[in-house]
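The structure under discussion appears below in the form of structure tokens.
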Amino acid sequence: MKMNKKIIIYFSCLLLLFSCKSIKDGLTGKKRENSDEFLVIKKNPLEIPPEFNELPVPQSEKRDDEANSVDEEIENLVKSINKGEKAKSNNTSAEEFVIKEINKN
Amino acid sequence: MSKINIKKFIFYFLIISIVFVLDRVSKIYVINYFENTLDTEIYLSNFLNIILVWNEGIGFGLLSFQDGSIYNFITLIIILINLIIIYFIYKYKDIRGFLLTLVLGGSLGNLFDRIAFSAVPDFIDFNYNNFHWFIFNIADIFITIGVICLIFVELILNNKKLKNEDE
Numbered sequence: 010m011k012m013n014k015k016i017i018i019y020f021s022c023l024l025l026l027f028s029c030k031s032i033k034d035g036l037t038g039k040k041r042e043n044s045d046e047f048l049v050i051k052k053n054p055l056e057i058p059p060e061f062n063e064l065p066v067p068q069s070e071k072r073d074d075e076a077n078s079v080d081e082e083i084e085n086l087v088k089s090i091n092k093g094e095k096a097k098s099n100n101t102s103a104e105e106f107v108i109k110e111i112n113k114n
Numbered sequence: 682m683s684k685i686n687i688k689k690f691i692f693y694f695l696i697i698s699i700v701f702v703l704d705r706v707s708k709i710y711v712i713n714y715f716e717n718t719l720d721t722e723i724y725l726s727n728f729l730n731i732i733l734v735w736n737e738g739i740g741f742g743l744l745s746f747q748d749g750s751i752y753n754f755i756t757l758i759i760i761l762i763n764l765i766i767i768y769f770i771y772k773y774k775d776i777r778g779f780l781l782t783l784v785l786g787g788s789l790g791n792l793f794d795r796i797a798f799s800a801v802p803d804f805i806d807f808n809y810n811n812f813h814w815f816i817f818n819i820a821d822i823f824i825t826i827g828v829i830c831l832i833f834v835e836l837i838l839n840n841k842k843l844k845n846e847d848e
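Residue numbers (the numbering used here), protein chains in the order written: chain A, 10 to 114; chain B, 682 to 848.
Structure, rendered in structure tokens:
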């Protein structure tokens, strides 16, 4: 019994100290994977972006749009100035009316 | 330490050194050869070729995992076994001490590679009719000779002991 134990110990030492490898494993670089599958983060599936079907606007069209918007801004500004002047003119007439009424009294 | 013990110590130390140096020289030569040439193998005969493979596990390519912690744990166990072998070399006064020095020399050769390269280079490929035996190195030869002889010596000693008990 003691003898068998010794032989088992010798063989286990041989297995640990020995370093041989099969040619197949050696040339393919095979290694056993021991990664935990539950620790691996799964990647989200690929999705089509929401604006995928919309084509990009060409640069020349973009410039036209910009020019139009500038024109619109100028027009709006002119209109607002005109309105302001009208309001001013209305104010002056009201003032004159009030002065006239005062003078009448 | 007595005079005999010093002689014994020097003798064992020499054996361990010779085995270790033989193993190292052969490994360095083979690694350099394959690094400097584009050859994948050295053809020596129909039965014997030299192919360099790296073993990250233990004997027969076992326990060759990708995890570094397992590798370090195995290396630690091997260091522990080497220390136990040193103890038994000191303890045994017969031929078993000498055989254990062969095992220790080879084991230290493989341990050096495990620490230095994180893998042991194997290069001796015995084959017959396209059947390849496991690729091994010089250190493995000494370890195997040592262990097989140890088993035989143990069996012989056991038989002697049984005979003496019978008488």
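Where is the CB? At the ideal position from N, CA and C, for every residue including glycine.
### Cβ pair Val-784/B, Asn-791/B closer than 8 Å
Going by beta carbons, Val-784/B and Asn-791/B fall outside the 8 Å limit.
### Query
From this set, Glu-737/B, Gly-787/B, Phe-728/B, which residue's C-alpha is nearest Asp-748/B's C-alpha?
Ranking the options by Cα distance to Asp-748/B, first place goes to Glu-737/B.
### Query
Within the 8 Å Cβ cut-off, does Ser-788/B reach chain A?
Judged by the 8 Å Cβ criterion, Ser-788/B is in contact with chain A.
### Task
Using only alpha-carbon positions, find the residue among Asp-821/B, Leu-838/B, Ile-837/B, Lys-841/B that is nearest to Leu-24/A.
Each of Asp-821/B, Leu-838/B, Ile-837/B, Lys-841/B was checked against the Cα of Leu-24/A, and the nearest Cα belongs to Asp-821/B.
### Own chain residues within Cβ distance below 8 Å of Ile-762/B, not counting five before or after
The residues are Ser-788.
### Closer than 8 Å at the beta carbon, the chain A residues around Val-784/B
One finds Cys-22, Leu-26 in chain A with Cβ atoms closer than 8 Å to the Cβ of Val-784/B, taken in chain order.
### Task
Kindly list, in the order they appear in chain B, the residues whose Cβ is closer than 7 Å to that of Lys-30/A.
Per Cβ cutoff of 7 Å: Val-734, Asn-736, Gly-742, Asp-803, Phe-815, Ile-816.
### Query
Could you give the C-beta distance for Ile-731/B and Phe-804/B, rounded to a whole number, given that I count them as a contact under 8 Å?
With a beta-carbon spacing of about 5 Å, Ile-731/B and Phe-804/B fall inside the 8 Å limit used to define contacts.
### Task
Give a single yes or no on whether Ile-90/A has its beta carbon closer than 7 Å to a heavy atom of the ligand MG.
Absence of the ligand MG is noted for the structure shown, with no ligands found whatsoever.
### Message
Taking CB distances under 8 Å as the criterion, tell me whether Ile-16/A reaches chain B.
### Response
Answer yes: the Cβ-Cβ gap between Ile-16/A and chain B drops below 8 Å somewhere.
### Message
Using a 10 Å radius around the Cβ and a threshold of 16 neighbouring Cβ atoms, would you call Gly-740/B buried or exposed?
### Response
The C-beta of Gly-740/B has 16 or more other C-beta atoms within 10 Å across all chains shown, which makes the residue buried.
#### Entry: Lys-15/A versus Ile-766/B: straight-line alpha-carbon distance, rounded
The alpha-carbon atoms of Lys-15/A and Ile-766/B are separated by roughly 13 Å.
#### Entry: Range covered by the beta strand (DSSP E) that runs through Asn-727/B
Segment: none, Asn-727/B is in no beta strand (DSSP E) and carries neither H nor E.
### Task
May I ask you to report which of helix, strand or coil DSSP gives Asp-74/A?
Reduced to three states, the DSSP call for Asp-74/A is helix.
### Message
Taking the straight line between their C-alpha atoms, what separation do you get for Val-834/B and Arg-777/B?
### Response
For Val-834/B and Arg-777/B, the distance between alpha carbons rounds to 7 Å.
### Message
Alpha carbons only, please: which of Ile-699/B, Glu-848/B, Tyr-714/B is nearest the one belonging to Ile-819/B?
### Response
Minimum Cα distance to Ile-819/B is reached at Ile-699/B.
### Message
Please give the ranges of any alpha helix (DSSP H) in the stretch 704 to 779 of chain B, keeping only runs that are unbroken, at least 4 residues long and fully inside the region.
### Response
You should have 749 to 772.
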